[in-house]
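*Asks:* Let me give you the structure first, and then I'll get to my questions.
Residue numbers (the working numbering), protein chains in the order written: chain C, 1 to 459; chain A, 460 to 918; chain G, 919 to 1377; chain Z, 1378 to 1836.
Following this line, the structure appears as structure tokens:
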């Protein structure tokens, strides 16, 4: 390893890449990088070049000599990699817009991670990540895969369960933000609190203690009702019911609003759909602005605007994860990893998102113990929703996809849900080869995307 | 036991009682009854007398000499009982009307067994059944409790978990009806099919084989799409998606429609609410008609009209259960009983509804084995919903009740759900002493039942 | 099936065969057999012909027209079979003598089912049964495999786990005998008691209730200390400690003596070894006598002497099992079958020996629930011993075999145990192709069988 | 906490105390101790004074001002304690001598932690530790209990399960020594290796990786056969079978020799019994020598001889544990703590010994995942042996004690084992009030300790 570390970033043309560079530069002493390969697909070529030049400028402005390689040839890039990060979006933002618009058109939440949209993101992404894993087996069998492509938990589960690849860590910025905001509520520093997270990606709870071991979870809950609750900026600020939080004596993640305040979150999403466009369209706008900045040949550091994005701390978590593994730092990070019993309410061999110490062997998950009945029930239905979704993504079976839609608490089952399923299959046809047979059947049955909706989707 | 069996029926003034009598008369040879005590409360006195006389007439018309005792003194009745059956309704039909009207007013399913209504039925019923169990410990410690008060599964769970009383069997007519209708679909007799059920009360699946052991589940599924699906009459006939059933390769119970076709079931319930009144009101009408018949001093057999009711086969299942226990018959009956591993996806000590052989030791549940992911997820969330509901029923904790409402898939979480919770608490104040503190708080906070709704409830 | 049932018996030359015939003749009305194929190997040809003729005489003396086919061609026999029974012994009694003599020579229990001997029986038998299963997949894919080759539990586990064949039931006569002897202790009939067994083959416990549901387990335990304890004749009558049985409030099977009274069982076995030869040699003597009888062309019914054998009731259990499956009788039989949760202290997918109702779909195991700590611990170590033994049988890995020997509570670990392992490998070389590599290594290392022992083995 | 930490050591007269002092002095900066209370019983008064003065001299020779209090009044000492350490021996070394001599006399291993001796140590110790916990609930409800009284795992389990006290950590020096010796085998430092332990006290396995994450377990196994295997000095150096270790691909702890090489360990123990006295007598001799040294008023540092003792590193582990909790250091320490799923083959609520990070909230156990079949079986039987032993210790039930003896793999069941059980009950009569009834029965039945053995015990 004394030759320096080789990093490969699939989906390297992402607007997040400069943030990743910043994280690597900051950690260079413990993570001496030799070369970084940014990989993207033909459709992302332009963005890859813009962001690639920007990335090289950032390194050139640093004291370190690191070469950025830009390529559309994934296999060339993967050869002998030490770390592979994945932040790609199959179908780009256009796909996400469909994921959100189609459900919203029918009055339902698309929700790009755990809702109907998230399931379709899984359907598009899982076959690709499994291909990447196959490449890695041949080209860089000792590398670690650090995934931040959403739905991060399902993607990680697919890599382990179907890809049979254990050297993987799934990341999410939601816990990072909780650990940034909550200490402020108490007027202490992050390092003064002891965190213990358990659950699934975008569906976890945590408990907090102070540095003397005293549980301060309830204290934080109380403070949350006095001010800001530490949510990522892409979740509308609808408060949890205080009575509910007090009963659970744990802090849910922001995405729990979709489950604990479903009515209001739906109303908000539909309002947003009507007025300012879906969340995806907002993101697209932000992206356009970011790329305009990146084009500036004088810009050699991460611009302020990047922080506006919901995923703003992914990259820091990713860099810290990689550095922790490389330098065996044993940092506490909340990751998606194999359960191994840490969450005993779920099978030992599935993926969970938990507090873990990250070192040269990857994540050492902390055993959380059993959850109370309400949280256990939620957790079990969500994990099984994930498993059914992944199975549908791998098999392309229509009945399985319908089962996944039906069990998902964010989807109201019935004909509308089925209509959404069918239209999403048609809309994403290009990226869903595994569903070929069902899509052809739907085309024959003349399932049609409504005019108004078609117009919107082609905007 | 040679002195004959003593049976006590709590809620004996129910319109179901004549059907129970018919079942006992039919089985007298194997279940030689000495005396039957029908117990009811002051408010049910008139009905008790009507139905009690009718019951005595039925026995008098039979070859057997059995005495019907009518009493409002439960403890007197319980003394030395061999079997206690429970079919009472705390708050009578008026309470059920509130259980259904209040949610429906706000556009939500009340659903008297697993929905918001069912949870309130549990809140009202569980304290009473636990009192009965305490009486039984003193007065008839060797008796069996055969419960058909809904929500039957939760009531049975409460009896075992909180009442610490294991000699209990919970009954439901839903499996009975499936086992009556499905053989007809195949043109065979019930005894020609082999059934295996697993799940929870009003939330189970089953598999069927023919007498040569060949699985015919799929064959029945196919037949279901050619005709009637064997539903109890109180579930509107919305078909399951065939693709979904084929994928699960099991047959869900009729109540699964509330989960698999939520949209349509809600629409139907709201339509019904607007036009012909809630289901409870229909039941009330049927009841009035039945009692008019029972009053006829010449009627000495079960009238035809009783069969119209959804619960029509409860009583036969109940009589067969009692006879099987008494005569150690080992009949296959689907009952709510302690899991003991039969459904390994749920804890060994909770109550499940499964195929069992009923004999002198009660239910011997058949080990079903693990369920596929989708059904496992549903089952786990529903069991935990039940556990949280029961905990709320026992503790009267508002936060716990809110958690129960939130996790219930039939309740859309948010302010409307909370409003429904609050109004149901107020509406059932008389029967919810355990929630006294919260109800007083709500009264102070001036949570008010909307005018129109108040009018309806007082109809 | 109207053409009558075809039965194939692998190891048909066994002295047990006439008892099997008797059982089939007795049940002909419910199990209308068309033809029976007795299959054996070249070495068993002579016995096959003797016993085959005897079998045909038995049928000829019955009112039924059934043809006995004798063959050494297993595949010919298996074609279109309805039931395949397996009662073969790889290496015949000579192998069993080695299984018992070699450990005994070194002062250890061989014990042909769960001890060192039983493990080697598993090593020899499992590859053969897996071959049979492969034949069945091709030649009679709808047939049931009814195994009574010991170690019956491990063989059944191997068939399901490695053979991926679920239509199998493993049988044992030990529970049968308990259910014959215990009612006598109480002065009642078998049908007046309710039995519930759980555990593993030759390692189970049971509880008993009378026909009114009253638990009489302790009553039977008390009676056991007044007289005979219902042991099979091949287990020396050393009593259990009464205090221990009262604490567990269950009745262990006779083989538990090897674990609960290890010292005395070992002493007895070593004494037997010195004086009258091992158990296997006794069996051989009995066999010789039996075959002398079978040769008598006038004998056309099962001779009395067969009852002397420990396995005397296997055949009745086997015939009843087959009849129950064929006629969907739902008889209570204790069988080795897939757990499916019936014994929740063990994984849901492993094989257990439990009370089950046998019908057209095979065994419907009764959920027993969790065991107390002491029995749970024993059960778990024994099940894992079985799993490691089976893994060694399948892989031929020496380290795995050593692990199996080490974890087996009947083997005292250390150099003597290893010596026994090595000598058994050499002694059974012919039947252990999977261990070829290790055996060759041992031969090179000149592991030698002690002179005196060699002499004995070649007797 | 700014007033400094108050430490209470129960069994403070132990010869280990100076080592404990050394550890505290070394860590004073992060663990600013105010006062240390050494508590002992009347019989230990002399030793308490000797070691207490020695301890004060050690602090006086340090730069820190810490006061040592000596007392026989436990309650006085416990008042407002921050940490309570327990290193007492009920019955002192004399009891241990009986624990080892009585079994050895009958040809069996006494083994003071997991064998018959260890079970009696549990019988004597558990009632006392539960008393201490009751005192702590009243006098220092926020204190941590750091136990190193053996059998450390069972004592910790009893504290949590029966004492309902969760703020407890059980310690053992065996993992510490492995982590000292194994790096030497590889020529690296401890901090260059990544350890993961799982199992029970004196019955665990571990895996090791280098600082790049590469598994080096097998490499260490190979090295172990070239030299010293990192055993504590009280375990005779009998090697494991290399084939077995390679198959498990984990490193067992030294005590596994009692299970994997039972024959040789027994032979060695019996030899030792005959020639140089039991291990306990050796310890007694070492103790006498140590106290002679401690008497020297010029000695103010830990003497070299202390290192000879098997438990030599307990104290360092104890001091590091306390410092880690106090200063929230998050050090990796192997401790007995609540499972919470870390070892998913055992119930979530039992105590396991695992790798954990120790901080202000105590132990955060690392999820190890499922073990292979052989190790799983061992682990499960040992955990249940512990649970039955603890139940016997709490209830004083003779049948339960007999069950515990029977399930223990180190005890050969039968009359000799029962004789050992009976004689140990009589020999420890003074310390076993819970077994009063059984002991009186034994006395009436004239169970007598053999003359020769009596003579030895009274030596």
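The beta carbon of each residue, even a glycine, is placed where N, CA and C say it ideally should be.
Along chain G, which residues have their Cβ under 9 angstroms away from the Cβ of residue 1792 of chain Z?
*Replies:* Locating residue 1792 of chain Z in the fourth chain gives position 415, where the first residue counts as 1. In chain order: 1179, 1181 and 1182.
*Asks:* Taking residue 462 of chain A as the reference, which of A:468, A:470, A:858 and A:492 has the closest Cα?
*Replies:* Locating residue 462 of chain A in the second chain gives position 3, where the first residue counts as 1. Checking every option, the nearest Cα to that of residue 462 of chain A belongs to A:492.
*Asks:* Counting beta carbon pairs with one atom in the segment 1451–1465 of chain Z and one in the segment 1412–1432 of chain Z, are three or more of them shorter than 8 angstroms?
*Replies:* Yes: the two stretches touch, three or more of their Cβ pairs being nearer than 8 angstroms.
*Asks:* Using a Cβ-Cβ cut-off of 8 angstroms, state whether residue 1629 of chain Z counts as contacting chain G.
*Replies:* By one-based count along the fourth chain, residue 1629 of chain Z stands at place 252. Answer no: the Cβ-Cβ gap between residue 1629 of chain Z and chain G never drops below 8 angstroms.
*Asks:* To the nearest angstrom, report how far apart residue 1724 of chain Z and residue 482 of chain A are at their CA atoms.
*Replies:* Residue mapping note: residue 1724 of chain Z aligns to position 347 of the fourth chain, counting from 1. Residue mapping note: residue 482 of chain A aligns to position 23 of the second chain, counting from 1. Residue 1724 of chain Z and residue 482 of chain A: Cα-Cα distance of roughly 46 angstroms.
*Asks:* Can you have a look at residue 1313 of chain G and say buried or exposed, based on whether 16 or more other CB atoms are within 10 angstroms of its CB?
*Replies:* Numbered from its first residue, the third chain carries residue 1313 of chain G at position 395. Label assigned to residue 1313 of chain G: exposed.
*Asks:* Return the CA-CA distance between residue 992 of chain G and residue 1077 of chain G, expressed in angstroms with no decimal places.
*Replies:* Residue mapping note: residue 992 of chain G aligns to position 74 of the third chain, counting from 1. Residue mapping note: residue 1077 of chain G aligns to position 159 of the third chain, counting from 1. Their Cα atoms are separated by approximately 18 angstroms.
*Asks:* Report the three-state DSSP secondary structure of residue 429 of chain A (helix, strand or coil).
*Replies:* Nothing can be reported for residue 429 of chain A: it is not among the residues displayed for chain A, which extend from 460 to 918.
*Asks:* Let's test the definition: count the other Cβ atoms within 10 Å of the Cβ of residue 422 of chain C and tell me whether it reaches 16, buried, or not, exposed.
*Replies:* In the first chain, counting from the first residue as 1, residue 422 of chain C sits at position 422. Result: buried.
*Asks:* I'd like to know whether the C-beta atoms of residue 168 of chain C and residue 145 of chain C end up nearer to each other than 8 angstroms.
*Replies:* Numbered from 1 along the first chain, position 168 holds the residue referred to as residue 168 of chain C. Numbered from 1 along the first chain, position 145 holds the residue referred to as residue 145 of chain C. It is a contact, given that the beta carbons lie within the stated cut-off.
*Asks:* For residue 434 of chain C, which residues in chain A fall below 8 angstroms Cβ to Cβ?
*Replies:* As a first step, residue 434 of chain C must be located in the first chain, where it is residue number 434. Residues of chain A passing the Cβ test: none, with the nearest at roughly 15 angstroms.
*Asks:* Considering only C-alpha positions, which residue in the set C:218, C:172 and C:149 is nearest to residue 182 of chain C?
*Replies:* On the first chain, residue 182 of chain C is found 182 positions in, with the first residue counted as 1. Out of C:218, C:172 and C:149, C:218 has the C-alpha closest to the C-alpha of residue 182 of chain C.
*Asks:* Tell whether a beta-carbon distance below 8 angstroms holds between residue 761 of chain A and residue 488 of chain A.
*Replies:* The count along the second chain starts at 1 and reaches residue 761 of chain A at position 302. The count along the second chain starts at 1 and reaches residue 488 of chain A at position 29. Their beta carbons are not under 8 angstroms apart, which means residue 761 of chain A does not touch residue 488 of chain A by this criterion.
*Asks:* Where residue 1364 of chain G and residue 1755 of chain Z are concerned, what is the direct C-alpha to C-alpha distance, given to the nearest angstrom?
*Replies:* Numbered from 1 along the third chain, position 446 holds the residue referred to as residue 1364 of chain G. Numbered from 1 along the fourth chain, position 378 holds the residue referred to as residue 1755 of chain Z. Cα to Cα, residue 1364 of chain G sits roughly 32 angstroms from residue 1755 of chain Z.
*Asks:* Mind listing, in chain order, the continuous alpha helix (DSSP H) runs of no fewer than 4 residues lying wholly within the segment 1723–1807 of chain Z?
*Replies:* The qualifying runs are 1750–1772, 1775–1784 and 1792–1804.
*Asks:* If you draw a straight line from the C-alpha of residue 1423 of chain Z to the C-alpha of residue 1646 of chain Z, how long is it?
*Replies:* Stepping through the fourth chain from its first residue, residue 1423 of chain Z is reached at position 46. Stepping through the fourth chain from its first residue, residue 1646 of chain Z is reached at position 269. The alpha-carbon atoms of residue 1423 of chain Z and residue 1646 of chain Z are separated by roughly 32 angstroms.
*Asks:* May I ask you to report which of helix, strand or coil DSSP gives residue 1246 of chain G?
*Replies:* Residue 1246 of chain G sits at position 328 when you count from the first residue of the third chain. DSSP places residue 1246 of chain G in coil when its eight states are reduced to three.
*Asks:* Please list the residues of the segment 1305–1324 of chain G that have a C-beta atom closer than 8 angstroms to any C-beta atom in chain Z, keeping them in chain order.
*Replies:* Cβ contacts with chain Z: 1305, 1306, 1309, 1315, 1316, 1317, 1318, 1320, 1321, 1322 and 1324.
*Asks:* Below 8 angstroms between beta carbons is the criterion; list the residues of the segment 818–840 of chain A that meet it against any residue of chain G, in chain order.
*Replies:* So the list reads 818, 819, 820, 821, 823, 824, 825, 826, 827, 828 and 829, given in the order they occur along the chain.
*Asks:* Could you spell out where the alpha helix (DSSP H) holding residue 506 of chain A opens and where it closes?
*Replies:* Here residue 506 of chain A refers to the residue found at position 47 of the second chain. Its alpha helix (DSSP H) spans residues 504–519.
*Asks:* Is residue 1579 of chain Z closer than 8 angstroms to residue 1630 of chain Z when the C-beta atoms are compared?
*Replies:* Against the fourth chain, residue 1630 of chain Z aligns to sequence position 253. Against the fourth chain, residue 1579 of chain Z aligns to sequence position 202. In contact: residue 1630 of chain Z and residue 1579 of chain Z (Cβ atoms closer than 8 angstroms).
*Asks:* Could you work out which residue in G:1290, G:1289 and G:1271 is closest to residue 1281 of chain G when comparing CA atoms only?
*Replies:* To locate residue 1281 of chain G, count along the third chain from 1; it is residue 363. Of the listed residues, the one whose Cα sits closest to residue 1281 of chain G is G:1271.
*Asks:* When the Cα of residue 110 of chain C is compared with those of C:262, C:184 and C:90, which residue comes out closest?
*Replies:* Reading the first chain from its first residue, position 110 is the one you call residue 110 of chain C. Minimum Cα distance to residue 110 of chain C is reached at C:262.
*Asks:* Can you list the residues of chain Z that residue 357 of chain C reaches, using a CB-CB cut of under 7 angstroms?
*Replies:* The residue labelled residue 357 of chain C in the question sits at position 357 within the first chain. Ordered by position in chain Z, the residues that pass the 7 angstroms Cβ test against residue 357 of chain C are 1734.
*Asks:* Taking Cβ-Cβ distances below 8 angstroms as the criterion, which residues of the segment 9–30 of chain C are in contact with chain Z?
*Replies:* Against chain Z - using a Cβ distance shorter than 8 angstroms - the segment 9–30 of chain C contributes no residues.
*Asks:* Please report the straight-line C-alpha distance between residue 1149 of chain G and residue 1376 of chain G, rounded to a whole angstrom.
*Replies:* Taking the first residue of the third chain as position 1, residue 1149 of chain G is located at position 231. Taking the first residue of the third chain as position 1, residue 1376 of chain G is located at position 458. Confidence in residue 1149 of chain G is poor, its pLDDT being 46 and thus under 50, which makes the residue's placement too unreliable to answer from.
*Asks:* Tell me, please, whether the CB atom of residue 1626 of chain Z is closer than 8 angstroms to any CB atom in chain C?
*Replies:* Walking along the fourth chain from the start, residue 1626 of chain Z turns up at place 249. It does not: the Cβ of residue 1626 of chain Z has no partner Cβ on chain C nearer than 8 angstroms.
*Asks:* Please list the partners that residue 1269 of chain G has in chain A, where partner means a Cβ-to-Cβ separation under 7 angstroms.
*Replies:* For this step, residue 1269 of chain G is matched to residue 351 along the third chain. Within chain A, no residue comes near residue 1269 of chain G; the closest Cβ sits about 12 angstroms away, beyond 7 angstroms.
*Asks:* From the DSSP output, in three-state form, read off residue 579 of chain A for me.
*Replies:* Here residue 579 of chain A corresponds to residue number 120 of the second chain, with the count starting at 1. Helix.
*Asks:* What does a CB cutoff of less than 6 angstroms around residue 1262 of chain G pick up in its chain, not counting 5 residues either side in sequence?
*Replies:* In the third chain, residue 1262 of chain G corresponds to position 344, counting from 1. Once the five neighbours on either side are set aside, the close Cβ partners of residue 1262 of chain G are 1288.
*Asks:* Please identify the residue among A:595, A:602, A:590 and A:548 whose C-alpha is closest to the C-alpha of residue 577 of chain A.
*Replies:* Residue 577 of chain A sits at position 118 when you count from the first residue of the second chain. Among A:595, A:602, A:590 and A:548, the Cα nearest to that of residue 577 of chain A belongs to A:548.
*Asks:* According to the neighbour-count rule (16 or more other Cβ atoms, all chains shown, within 10 Å of its Cβ), is residue 1358 of chain G buried or exposed?
*Replies:* As a position in the third chain, residue 1358 of chain G is number 440, starting the count at 1. Exposed is the call here.
*Asks:* Comparing alpha-carbon positions, which option in C:53, C:208 and C:287 lies nearest residue 188 of chain C?
*Replies:* Numbered from its first residue, the first chain carries residue 188 of chain C at position 188. The residue with the shortest Cα to Cα distance from residue 188 of chain C is C:208.
*Asks:* Would you mind reading off the limits of the alpha helix (DSSP H) that contains residue 1139 of chain G?
*Replies:* Counting from one through the third chain, the residue named residue 1139 of chain G turns up at place 221. First-last of the alpha helix (DSSP H) with residue 1139 of chain G: 1135–1142.
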